[in-house]
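Undergrad: I have a structure here, written as structure tokens, and I will follow up with some questions on it.
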Amino acid sequence: MSVKSDKWKQFLQKMRFKYRLSILNENTLEETWHVKLSRIKVYMYGSLFLIVTFLTLAVLIIYTPIKYYLPGYNGADNRVEIIGQSMQIDSLLTQMNYQSTYLEVLKTIISGETVDDPSISTDTIGLKERAEVMMEKAKSEQEFVDEYEKQEKYNLYSMATKEEAAVQVFFRPVKGVISSEFNAKEKQFGISILTSFNESVVSVLPGTVIFTGFTPEFGWVITVQHNNDYVSVYKNNNSLLRKSGDQVKAGEVIAFTGESPDNKSGRHFIFELWNMGHPMNPEEVIIF
């Protein structure tokens, strides 16, 4: 115990022992400045100097633009800005591609040329089978048709002919679930239907195709004119099977669904029904 105590005392004496640091004039050997230091003071002053230096450098790096020149530095603000710019560039490129496609289609229409659309399927057997499946009425549709026929069978005051009465039986345009309902106040003149990709789109009534074309907002669009001043519009299609002027039957496949060009609404098929220039709620006349 005494040995350890002696060693500790010797250590403290060494740490407290003072040394004289002098600066002499080389020519006259006269002392111009001196200071007395101990080992413990040297350690304290050295540690204090390192701490002050570290804090000064930290403040300079954090609160001044020096940090931008350090290798590997990438601040959160810069990352957010880079991500935002990348998304804008991607959106602009996508929009530019659709604009280019739209201009090419418009140029073709103006020049009067007929260009085969590679997206239109040439598998006539497959199309026929899919059309036959779509022509089959669901149980709810068949019940609606039977009930309608019973009501009209003894209606002596009906002004519509048998042909006109048959026209009023609307086919469901596509299989799917309604994701957005009709709302004329918010200028939503149709319904949005969530459906699978490349699903068959059928004409709700017999009629004549009056418009086919591509738009940047709704992709491939087809519009059909029907009797009794009905007009049906089918948007967000992947490909079209009919062109302007073609006659279509009720339940005939006229297009296949796709995704919206801006990719915001996903695989949402949009259907609009107009009568005498006014939008109608399709759910009032069609069972989905």
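In terms of the numbering used here, the sequence shown opens at residue 7 and continues consecutively.
Backbone N, C-alpha and C fix where the C-beta goes; we use that ideal spot for every residue, glycine too.
1. Please report the distance separating the alpha-carbon of Tyr-75 from that of Ala-64.
2. Between the segment 194-201 and the segment 277-293, do three or more beta carbon pairs fall short of 8 angstroms?
3. Lys-156 to Ile-260, Cα distance in whole Å?
4. For Gly-283, count neighbouring Cβ atoms within 10 angstroms of its own Cβ and tell me buried if that reaches 16, exposed if not.
5. Let me know if Met-286 comes out buried or exposed under the rule of 16 or more other beta-carbons within 10 Å of its beta-carbon.
6. Please report the distance separating the alpha-carbon of Leu-200 from that of Leu-66.
7. Considering only C-alpha positions, which residue in the set Ser-202, Lys-113, Phe-60 and Phe-217 is nearest to Val-239?
8. Taking the beta carbon of Ser-234 as the centre, do at least 16 other beta carbons fall within 10 Å, making it buried, or is it exposed?
9. What does DSSP give as the partner residues of Gln-253 in its beta bridges?
10. So, is Thr-34 buried or exposed, given that buried needs 16 or more other C-beta atoms within 10 angstroms?
11. Rounded to whole angstroms, what's the CA-CA distance from Val-151 to Ser-202? Just pull it up for me.
12. Alpha carbons only, please: which of Thr-38, Met-21, Arg-22 and Phe-23 is nearest the one belonging to Ile-29?
13. Does the Cβ of Ser-209 have 16 or more other Cβ atoms within 10 Å, making it buried, or fewer, making it exposed?
14. Going by alpha carbons, who is nearest to Arg-178 out of Glu-223, Gly-257, Ser-117 and Pro-212?
15. In angstroms, rounded to a whole number, what distance separates the CA positions of Ser-164 and Leu-246?
TA: In brief:
1. Numbered from its first residue, the sequence shown carries residue 75 at position 69. Numbered from its first residue, the sequence shown carries residue 64 at position 58. Taking the straight line from one Cα to the other gives about 14 angstroms.
2. Yes, since at least three Cβ pairs between the segment 194-201 and the segment 277-293 fall closer than 8 angstroms, the two stretches touch.
3. Within the sequence shown, numbered from 1, the residue matching residue 156 stands at position 150. Within the sequence shown, numbered from 1, the residue matching residue 260 stands at position 254. Each residue's alpha carbon lies about 31 angstroms from the other.
4. For the purposes of this step, residue 283 is taken as residue 277 along the sequence shown, with counting starting at 1. With fewer than 16 Cβ atoms within 10 Å of its Cβ, Gly-283 is classed as exposed.
5. Against the sequence shown, residue 286 aligns to sequence position 280. With 16 or more Cβ atoms within 10 Å of its Cβ, Met-286 is classed as buried.
6. The residue labelled residue 200 in the question sits at position 194 within the sequence shown. The residue labelled residue 66 in the question sits at position 60 within the sequence shown. Spanning the two alpha carbons is a distance of roughly 56 angstroms.
7. Here residue 239 refers to the residue found at position 233 of the sequence shown. The option with the nearest alpha carbon to Val-239 is Phe-217.
8. Residue 234 sits at position 228 when you count from the first residue of the sequence shown. Checking the sequence, you will find Asn at residue 234 rather than Ser. Counting of Cβ neighbours within 10 angstroms places Asn-234 among the exposed residues, the total staying below 16.
9. In the sequence shown, counting from the first residue as 1, residue 253 sits at position 247. According to DSSP, Gln-253 bridges with Thr-214.
10. Within the sequence shown, the letter at position 28 stands for residue 34. By the C-beta density criterion, Thr-34 is exposed, having fewer than 16 other C-beta atoms within 10 angstroms.
11. Numbered from 1 along the sequence shown, position 145 holds the residue referred to as residue 151. Numbered from 1 along the sequence shown, position 196 holds the residue referred to as residue 202. Their backbone Cα atoms lie some 27 angstroms apart in a straight line.
12. Along the sequence shown, one-based indexing puts residue 29 at 23. When each option's Cα is compared against that of Ile-29, the closest is Thr-38.
13. As a first step, residue 209 must be located in the sequence shown, where it is residue number 203. Buried: at least 16 other Cβ atoms inside 10 Å.
14. For the purposes of this step, residue 178 is taken as residue 172 along the sequence shown, with counting starting at 1. If we check each option's Cα against that of Arg-178, Gly-257 comes out closest.
15. The sequence position of residue 164 within the sequence shown is 158, counting from 1. The sequence position of residue 246 within the sequence shown is 240, counting from 1. Unreliable placement is indicated for Ser-164, whose pLDDT of 45 sits below 50; the coordinate value is still reported in the next sentence. It is roughly 37 angstroms from the alpha-carbon of Ser-164 to the alpha-carbon of Leu-246.
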